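For reference, the structure is listed below as structure tokens.
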Amino acid sequence: MGDSARLRLGDGTQVTPRVVAVYDRGLGFADLTFAHALLAAHTTMGMNDSVLVRATAGARDEAKKALADVKERHPSLQVTDRLSFDRQMKEQQAHAWVNHLIAGLIIAYSGVTVVNAQVMNTLVRRREFALLRLTGITSRQVMRMIALEGTAVAVIGVGLGTLAAFPALGLIALALTGAVRPTVSPLAYLYIAGGTAGLAALGAFVPARLMLLRRPVHAIGSRE
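For the sequence shown, full-length UniProt numbering gives the first residue as 1, with consecutive numbering after it.
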């Protein structure tokens, strides 16, 4: 507080402003905040990007006339009402779905990779399953063994995934909120954990069940 910093504005003008306030976590706010008059004098248009105008019920006509006069003096200015503004905000939110779609495709590709790996790991054990059945193990016991293995894989996968994501999410949370604990919805975390367990089960149970439909005598003689 009270110190000065030598900076350059967008047009190259050098200024030495004095620090009058410090905030640790802006949560999306600007890193540096200057006086409006100082910045406006060193921008191309010398105007704000947007201005929100609110008028009382009896002054709406006067406000519309004043805005029309401003628009006449500045032809590039765009004046919109509340409905148009809300529509623009909804369009921006709709454009954000592109990022969600890309993230969804990445998740889907990762899910297919996990299922393929589980299927291949299960298929190479066909002779092992056949040998177990020939020694007296029932199909139900084999499926129970696979269930225990799948549970272990899911628990380890969720645990390692959580540990891998925690450093990055923790640093972001520390920068924004001052707390290391990431702000993740418990319901979203349960969905992720449940999806991981579901993929592990799908990739193991389905091929194992199909293999157990074959007679063990025929399965044990098959090539890997």
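Don't be surprised by glycine CBs; every beta carbon is placed ideally from N, CA and C.
Values in this document were obtained by computation on a predicted structure and should not be read as measured data.
Since L174 sits in a beta bridge, which residues does DSSP pair it with? Answer is none; L174 lacks a bridge partner.
Would you tell me roughly how many angstroms separate the C-alpha atoms of R126 and G195, rounded to the nearest one? 26 Å
Nearest CA to the CA of S76: which residue from E91, G10, L67? L67
Going by beta carbon distance, what residues of the same chain come within less than 6 Å of A5, once the five residues before and after it are set aside? none
A208 versus N121 - alpha carbon distance: 10 Å
Which residues mark the beginning and the end of the alpha helix (DSSP H) in which F34 is found? Where F34 is concerned, there is no enclosing alpha helix (DSSP H), given that its DSSP letter is neither H nor E.
Following the continuous alpha helix (DSSP H) through I137, name the residue where it begins and the one where it ends. Unbroken run through I137: none, as it is neither H nor E.
Can you pull the DSSP bridge partners for V15? For V15, which the question treats as bridged, DSSP gives the partners L7.
With the cut-off set at 8 Å, would you say P216 and L134 are in Cβ contact? Yes, these two residues count as a Cβ contact at 8 Å.
Give the secondary structure of M145 by DSSP, where H, G and I count as helix, E and B as strand, and everything else as coil. Three-state DSSP puts M145 in a helix.
Assuming V217 is part of the alpha helix (DSSP H), what are its boundary residues? Here the alpha helix (DSSP H) through V217 covers 216-220.
Cα separation between T13 and D49? 21 Å
Excluding five sequence neighbours on each side, which residues of the same chain lie with their C-beta closer than 7 Å to the C-beta of S170? The amino acid occupying residue 170 in the given sequence is Gly; Ser does not appear at that position. Apart from the 5 residues on each side of it in sequence, G170 sits with its Cβ closer than 7 Å to the Cβ of V180, P182 in its chain, given in chain order.
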